[in-house]
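Only one structure is covered here, and it is reproduced in the block below.
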Amino acid sequence: MKWQGRRGSSNVRSSRGGGKMIGGGIGGIIIAGILWLVFGVNPMTALQTGQVVAGGGGSTASEPATSDDRDTQFVKVVLADTEDVWHQIFNEAGSTYQEPSLILFNGQVSSACGSASAATGPFYCPGDQTIYLDTSFFVEMRQNLGIAGDQQGSGDQDNQGKAGDFAQAYVISHEVGHHVQTLLGITQQVNEASRQVSRAQANKLSVMQELQADCFAGVWAQRNQERVQFLEAGDIDEAINAAGQIGDDRLARASGGAVVPDNFTHGTSQQRVQWFTRGLQSGNVQACDTFSGAL
Ligand SMILES: [Zn+2]
Numbered sequence: 074m075k076w077q078g079r080r081g082s083s084n085v086r087s088s089r090g091g092g093k094m095i096g097g098g099i100g101g102i103i104i105a106g107i108l109w110l111v112f113g114v115n116p117m118t119a120l121q122t123g124q125v126v127a128g129g130g131g132s133t134a135s136e137p138a139t140s141d142d143r144d145t146q147f148v149k150v151v152l153a154d155t156e157d158v159w160h161q162i163f164n165e166a167g168s169t170y171q172e173p174s175l176i177l178f179n180g181q182v183s184s185a186c187g188s189a190s191a192a193t194g195p196f197y198c199p200g201d202q203t204i205y206l207d208t209s210f211f212v213e214m215r216q217n218l219g220i221a222g223d224q225q226g227s228g229d230q231d232n233q234g235k236a237g238d239f240a241q242a243y244v245i246s247h248e249v250g251h252h253v254q255t256l257l258g259i260t261q262q263v264n265e266a267s268r269q270v271s272r273a274q275a276n277k278l279s280v281m282q283e284l285q286a287d288c289f290a291g292v293w294a295q296r297n298q299e300r301v302q303f304l305e306a307g308d309i310d311e312a313i314n315a316a317g318q319i320g321d322d323r324l325a326r327a328s329g330g331a332v333v334p335d336n337f338t339h340g341t342s343q344q345r346v347q348w349f350t351r352g353l354q355s356g357n358v359q360a361c362d363t364f365s366g367a368l
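Per the numbering used here, the sequence shown starts with residue 74, numbered consecutively.
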């Protein structure tokens with residue numbers, strides 16, 4: 074996957090884990106306080122998204138990600154790519170896309186959905202419209218895909234097109250898919266419907282929601298390809314492999330203080346590949362109606 078030389082998003086932030094900041098962190102603490110005021114305890118946000126905002130926390134200091142290491146740069150470019158594509162798609166529909174934030178964290182993090190650790194895996198929290206990625210995610214992806222890590226960062230021209238990049242972009246764009254679902258009100262509808270049906274039916278709804286995020290990731294890949302021709306040979310296979318192999322994300326659920334990982338299935342590998350491919354081939358969100366039961 075080609076990614077170097079493109080715009081990086083300004084919505085990527087770094088976070089150091091809960092309460093471990095010592096000295097010199099006043100600015101960060103103030104920023105965290107503002108973040109909590111704006112995002113963490115806004116009852117309207119909670120109402121709109123159907124999520125209960127967890128109290129407490131506030132110990133996470135986040136700041137603009139200034140690190141220029143390779144992984145951070147990569148995340149910034151992928152997030153910017155999703156911003157550009159989804160702005161386009163929303164504009165075409167006569168609407169306006171609101172960009173999500175992305176927090177890169179280490180160890181532990183507080184979100185409007187509760188606190189989370191690296192073990193939670195990548196997740197999207199509708200309550201603060203933020204994607205949370207822990208930095209070990211990249212290491213794990215490389216290991217899962219059997220790819221040698223490149224901890225040294227840049228300086229190596231072979232970084233361009235290194236296997237594994239697109240699988241990582243796929244996971245990020247899947248999380249952005251959950252953000253799009255939130256903007257479209259789908260997340261809220263699923264949450265409401267889930268409260269009125271059996272557990273088994275609620276699980277089915279969640280699977281459909283996951284598959285739609287896969288389909289949206291496919292739509293993004295297709296539209297981004299039209300825009301910047303970023304795909305290289307083997308990239309699609311890589312994402313399909315990732316869809317099947319990697320436990321993917323956790324769509325965060327409201328809880329009493331901690332992010333609760335999904336305990337439902339995300340759909341079979343085959344379903345995930347089918348819906349990603351459907352989005353990819355159509356480049357059209359209309360093709361992503363996983364809820365109608367087609368396919
Ligand atoms: Zn998901």
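Just so you know, even glycine gets a beta-carbon here, dropped at the ideal spot from N, CA and C.
Residue i in three-state terms, based on DSSP
| i | result |
| --- | --- |
| Ala312 | helix |
| Val346 | helix |
| Asn357 | coil |
| Gln181 | strand |
| Asp142 | coil |
| Ala153 | helix |
| Arg79 | coil |
| Thr203 | strand |
| Ala189 | strand |
| Glu172 | coil |
Residue i beta carbon near ligand 1 (any heavy atom closer than 7 Å)
| i | result |
| --- | --- |
| His252 | no |
| Ala185 | no |
| Ala189 | no |
| Glu371 | A question about residue 371 goes unanswered here, because the residues of the chain that appear run from 74 up to 368. |
| Ala138 | no |
| Ala312 | no |
| His160 | no |
| Ala240 | no |
| Ala286 | yes |
Alpha-carbon to alpha-carbon, residue j and residue i
| i | j | result |
| --- | --- | --- |
| Phe163 | Thr169 | 5 Å |
| Leu256 | Cys198 | 12 Å |
| Asn84 | Phe364 | 31 Å |
| Ser174 | Asn264 | 22 Å |
| Glu156 | Glu172 | 6 Å |
| Val244 | Val212 | 14 Å |
| Ala153 | Trp76 | 11 Å |
| Ser135 | Val301 | 31 Å |
| Gly167 | Trp159 | 12 Å |
| Ala221 | Glu305 | Unreliable placement is indicated for Ala221, whose pLDDT of 38 sits below 50; the coordinate value is still reported in the next sentence. Near 19 Å, if we compare the C-alpha coordinates of Glu305 and Ala221. |
| Glu283 | Gly340 | 7 Å |
| Val151 | His251 | 16 Å |
| His362 | Arg345 | Residue identity check: residue 362 is Asp in the sequence provided, not His. Between Asp362 and Arg345, the C-alpha separation is close to 14 Å. |
| Val253 | Ala192 | 25 Å |
| Gln285 | Asp142 | 32 Å |
| Gln274 | Ile259 | 16 Å |
| Arg57 | His247 | One cannot answer for residue 57 here, as it falls past the ends of the chain, which runs 74 to 368. |
| Arg215 | Thr350 | 23 Å |
| Ala360 | Glu165 | 16 Å |
| Gln146 | Met74 | 14 Å |
| Phe289 | Val249 | 8 Å |
| Asp144 | Ala138 | 11 Å |
| Val182 | Gly78 | 30 Å |
| Ser82 | Gln202 | 15 Å |
| Phe303 | Gln261 | 33 Å |
| Gly187 | Val148 | 23 Å |
| Gly329 | Ser190 | Because Gly329 sits at a pLDDT of 49, beneath the cut-off of 50, its placement in the model cannot be relied upon, and the point is left open. |
| Gly307 | Gly200 | 36 Å |
Residue-chain proximity (residue i, chain C), Cβ-Cβ < 8 Å
| i | result |
| --- | --- |
| Ser342 | Absence of chain C from the displayed structure is noted, only one protein chain being present. |
If you pair each beta-carbon of the stretch 353-360 with each one of the stretch 291-301, do three or more pairs fall below 8 Å?
yes
Inspect the CB distances between the stretch 174-189 and the stretch 264-274 and report whether three or more fall short of 8 Å.
no
Any contact of the stretch 239-251 with the stretch 301-314, i.e. 3+ C-beta pairs under 8 Å?
yes
At least 3 beta-carbon pairs within less than 8 Å: the stretch 189-207 vs the stretch 271-282
no
Runs of 4 residues minimum, wholly inside the stretch 242-318: which ones carry the alpha helix (DSSP H) assignment?
259-268, 272-301, 308-318
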